[in-house]
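Let me begin by presenting the structure, written as structure tokens, before commenting on it.
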Amino acid sequence: MTTHTKPIPTITAELRPFFDAAKRRELMVQRCRSCQTLRFPAREICSQCLSREVEWVAVSGRGEVFSYNVMHQVYHPGFATEVPYAVVVVKLDEGAKMISNLVGVAPRDIRIGMRVEVVFEDVSDEVTLPKFRPAD
Amino acid sequence: MSLKGRGAIVGLGITPQGKVYDSNHVGFAVEAVRLALEDAGLQRGDLDGLLLNPGLTWADQGMGSFQLQQAMGLRNLRLSASMNLGGATACAMIQQAVEAIDAGLCRTVACVFSDAPLKPPTPKTERSGGGGGSAGAYGFARGLDAAYGQFGVNAMYAMVARRHMHLYGTTNDHLGAIAVAERQWANRNPMAQFHDTPMTLAEYHRSRWVVEPFHLFDCCLVSNGGLAVIVTAADRARDLAQRPVYVWGMGQGHPGGDPAETLTSGAVLAKEAAFRMAGVGLADIGVVELYDCYTFTVLVCLEDYGFCTKGEGGPFVADGKTAPGGSLPLNTGGGQLSSFYMWGMTPVSEAVIQLRGAGGARQVPDAQVALVSGNGGILSTHSTLIMSNQPS
Numbered sequence: 020m021t022t023h024t025k026p027i028p029t030i031t032a033e034l035r036p037f038f039d040a041a042k043r044r045e046l047m048v049q050r051c052r053s054c055q056t057l058r059f060p061a062r063e064i065c066s067q068c069l070s071r072e073v074e075w076v077a078v079s080g081r082g083e084v085f086s087y088n089v090m091h092q093v094y095h096p097g098f099a100t101e102v103p104y105a106v107v108v109v110k111l112d113e114g115a116k117m118i119s120n121l122v123g124v125a126p127r128d129i130r131i132g133m134r135v136e137v138v139f140e141d142v143s144d145e146v147t148l149p150k151f152r153p154a155d
Numbered sequence: 129m130s131l132k133g134r135g136a137i138v139g140l141g142i143t144p145q146g147k148v149y150d151s152n153h154v155g156f157a158v159e160a161v162r163l164a165l166e167d168a169g170l171q172r173g174d175l176d177g178l179l180l181n182p183g184l185t186w187a188d189q190g191m192g193s194f195q196l197q198q199a200m201g202l203r204n205l206r207l208s209a210s211m212n213l214g215g216a217t218a219c220a221m222i223q224q225a226v227e228a229i230d231a232g233l234c235r236t237v238a239c240v241f242s243d244a245p246l247k248p249p250t251p252k253t254e255r256s257g258g259g260g261g262s263a264g265a266y267g268f269a270r271g272l273d274a275a276y277g278q279f280g281v282n283a284m285y286a287m288v289a290r291r292h293m294h295l296y297g298t299t300n301d302h303l304g305a306i307a308v309a310e311r312q313w314a315n316r317n318p319m320a321q322f323h324d325t326p327m328t329l330a331e332y333h334r335s336r337w338v339v340e341p342f343h344l345f346d347c348c349l350v351s352n353g354g355l356a357v358i359v360t361a362a363d364r365a366r367d368l369a370q371r372p373v374y375v376w377g378m379g380q381g382h383p384g385g386d387p388a389e390t391l392t393s394g395a396v397l398a399k400e401a402a403f404r405m406a407g408v409g410l411a412d413i414g415v416v417e418l419y420d421c422y423t424f425t426v427l428v429c430l431e432d433y434g435f436c437t438k439g440e441g442g443p444f445v446a447d448g449k450t451a452p453g454g455s456l457p458l459n460t461g462g463g464q465l466s467s468f469y470m471w472g473m474t475p476v477s478e479a480v481i482q483l484r485g486a487g488g489a490r491q492v493p494d495a496q497v498a499l500v501s502g503n504g505g506i507l508s509t510h511s512t513l514i515m516s517n518q519p520s
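Residue numbers (the numbering used here), protein chains in the order written: chain A, 20 to 155; chain B, 129 to 520.
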């Protein structure tokens, strides 16, 4: 593995199940046990029904590009050689949205509504990041 | 009983704005209040209320309004608070002041914003092309976002703007029309940071991308400085130094949820109470000062206030009607895109200047009623003021 110079996320207690799952090549989000609403990023309390009862569930990893931007400004030296790069919001088929990157597609070819599926990138011994690639 | 016309802005203080490095956030706030008192013909001892919107550099200083009180030797205040709804705070502070004054809790309130996020250039930042100050100040990332390179407010707003473009066909020509019109107003405002720099639509397009779909000139300035207004009861305002600017209507709207889904600001909620209280309609508005953290924010708020229908904001502004001489005078000092960025205090101050008839080369003839908005977060918080130079 080449040295990863981008920010590596801290594995907080709240996000531990997400990162453990990513390491297993599985995408997980939270689900409220009371009203079944999916949510990501992790929250202690469901904003729909205020229940604290929560579980982590695997999702298909398939969805579509809900929106995207193309970053030209460098805010962290780890991205200096990568600009312009795209950040996407993926709306999973199950409903939750997540911020991510697309691999295997140039920023100018990204479209809202484009079908995508999850891939996994090991960025350190501990951290694996879910990203997405175009899908049929 | 309606609060229409019960309170008025009687003093305005604006410190030097922009790349000004000889003061910190507290110093700018003190100076802004001093200038506003002087403008109103009031003394420090006349103040019995202090509301502060702490900018970014106040972050580590708890009890900001108390810090400011001590810094300027105020005694025996009857109202004091730090408030933070982002860019919606300025109008909300004025609302709070009018309510407290009308309830008899206090008589004369200073509402203040200050910030000093820009640092003097160093050889290192000069080499990197400058701009590091503003990028750094608003370039924070939340949680996992940094790992994916999603930094800063620009990037978050860009996601919402892209949806608007996708659903309604909004283009950079549309966003650019707003930027160019505001620049034309700034060219008539000697206090504007871009007073001496004209801009065509072609120059807007040539400006570098910050984060697509935003060019540099879609994004507001970042400014050091302070800005304060003095609010008092209408019956007292008439005896002071300046022509009073009366608060006719006010409201707030904080919709919650995901703005990328709704493509709608809190203006839809906030305008109801404000227009009902003021007893006016859009046709009565002579000058419009909309919060402009981005060109896109202005476009959405024009839709949400009902100047055009949802999705029609792009074609609505494309003909230049918001520029000097156009049918809808908008952000007449150059706005936060081209004059200076004091969060929501920039549009408030320009409305006061216009309603006093003190706009000089940019004065809108016969401006009697102004609509002012504040917007915070990512279309998350919103406040509205309707003000007039007529008592009622």
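Beta carbons are placed, not taken as given, at the ideal position from N, Cα and C, and that holds for glycine.
Query - Every unbroken beta strand (DSSP E) within the segment 364–449 of chain B, with a cutoff of 3 residues, ordered by chain - result: 373–380 and 415–417
**Report entry** Coarse secondary structure for V281/B, derived from DSSP in three states
**Finding:** helix
Query raised in the report: Using the C-alpha atoms, what's the distance from N315/B back to A411/B?
Result: 27 Å
Query - Within chain B, the residues that F98/A reaches when beta carbons sit closer than 7 Å - result: G277
Report task. Give the range of the beta strand (DSSP E) segment to which R321/B is assigned. Result -> The amino acid occupying residue 321/B in the given sequence is Gln; Arg does not appear at that position. Looking at the DSSP string, Q321/B is not in any beta strand (DSSP E), and its letter there is neither H nor E.
Query raised in the report: Between the segment 235–249 of chain B and the segment 178–188 of chain B, do three or more beta carbon pairs fall short of 8 Å?
Result: yes
Query raised in the report: Taking the C-alpha atoms as reference points, what is the distance between V226/B and K150/A?
Result: 51 Å
Query raised in the report: With contact counted as at least three CB pairs below 8 Å, one residue from each stretch, are the segment 326–334 of chain B and the segment 136–154 of chain A in contact?
Result: no
Query - Rounded C-alpha distance that separates Q189/B from P493/B - result: 43 Å
Requested in this report: Taking all protein chains shown into account, decide if N88/A is buried (16 or more other Cβ within 10 angstroms of its Cβ) or exposed.
Outcome: buried
Query - Amino acids of chain B, ordered along the chain, whose beta-carbon sits closer than 8 Å to that of M47/A - result: Near M47/A there are no residues of chain B at all, since even the closest Cβ is about 13 Å away, more than 8 Å.
Query - Contact the segment 47–57 of chain A vs the segment 111–124 of chain A: 3+ CB pairs below 8 Å - result: yes
Query raised in the report: Mind checking if E159/B is an interface residue toward chain A, Cβ cutoff 7 Å exclusive?
Result: no
Report task. Give the straight-line distance between the Cα atoms of W376/B and V497/B, rounded to the nearest whole angstrom. Result -> 9 Å
**Report entry** Which of helix, strand or coil DSSP assigns to R162/B
**Finding:** helix
Query raised in the report: Under 8 Å Cβ-Cβ, which residues of chain B neighbour S119/A?
Result: Y276
Query raised in the report: Going straight from the alpha carbon of Q195/B to that of A187/B, what length do you get?
Result: 12 Å
**Report entry** Counterpart residues of S242/B in DSSP-defined beta bridges
**Finding:** P182/B and G354/B
Query - Euclidean distance between Cα positions of K399/B and L131/B - result: 15 Å
Query raised in the report: Of all the CB atoms in chain B, is at least one closer than 7 Å to the CB of A131/A?
Result: Strictly speaking, residue 131/A in this sequence is Ile, with Ala absent from that position. Answer yes: the Cβ-Cβ gap between I131/A and chain B drops below 7 Å somewhere.
Report task. Express the C-alpha separation of Y469/B and V500/B in angstroms, rounding to a whole number. Result -> 15 Å
Query raised in the report: If we call anything under 7 Å between Cβ atoms a contact, is F241/B one with M473/B?
Result: yes
Requested in this report: Compare the C-beta of Q92/A with all C-beta atoms of chain B and state if any pair is closer than 7 Å.
Outcome: yes
Report task. Pair every Cβ in the segment 428–436 of chain B with every Cβ in the segment 340–360 of chain B, then say whether three or more of these pairs are closer than 8 Å. Result -> no
Report task. Check the Cβ of H294/B against every Cβ in chain A and list those closer than 7 Å, keeping chain order. Result -> I131
Query raised in the report: Curious, which full-length alpha helix (DSSP H) runs of at least 4 residues does the segment 185–223 of chain B contain?
Result: 192–199
Report task. Starting from E136/A, follow its DSSP beta bridges and name the residues at the other end. Result -> R81/A and R152/A
Requested in this report: State yes or no: is the C-beta of G267/B within less than 7 Å of the C-beta of G505/B?
Outcome: no
Report task. Could you tell me whether any Cβ in chain A is nearer than 7 Å to the Cβ of D273/B? Result -> yes
Query raised in the report: Checking contacts by CB at 7 Å: is P60/A closer than that to chain B?
Result: yes
Query raised in the report: Do you know how far the Cα of E159/B is from the Cα of G353/B?
Result: 9 Å
Query - Interface positions of the segment 122–148 of chain A facing chain B (Cβ-Cβ less than 7 Å), listed along the chain - result: I131 and L148
Requested in this report: Report back the beta-carbon spacing between G135/B and A362/B to the nearest angstrom; my notes put them in contact at under 8 Å.
Outcome: 6 Å
Requested in this report: Using a threshold of 7 Å, state whether the C-beta atoms of N459/B and L483/B are closer than that.
Outcome: no
Requested in this report: Evaluate V122/A with the Cβ neighbour count: other Cβ atoms within 10 Å of its Cβ, from every protein chain shown; 16 or more gives buried, anything less gives exposed.
Outcome: exposed
**Report entry** Selection of the segment 23–37 of chain A by Cβ proximity to chain B, strictly under 8 Å
**Finding:** K25, P26, I27, P28 and L34
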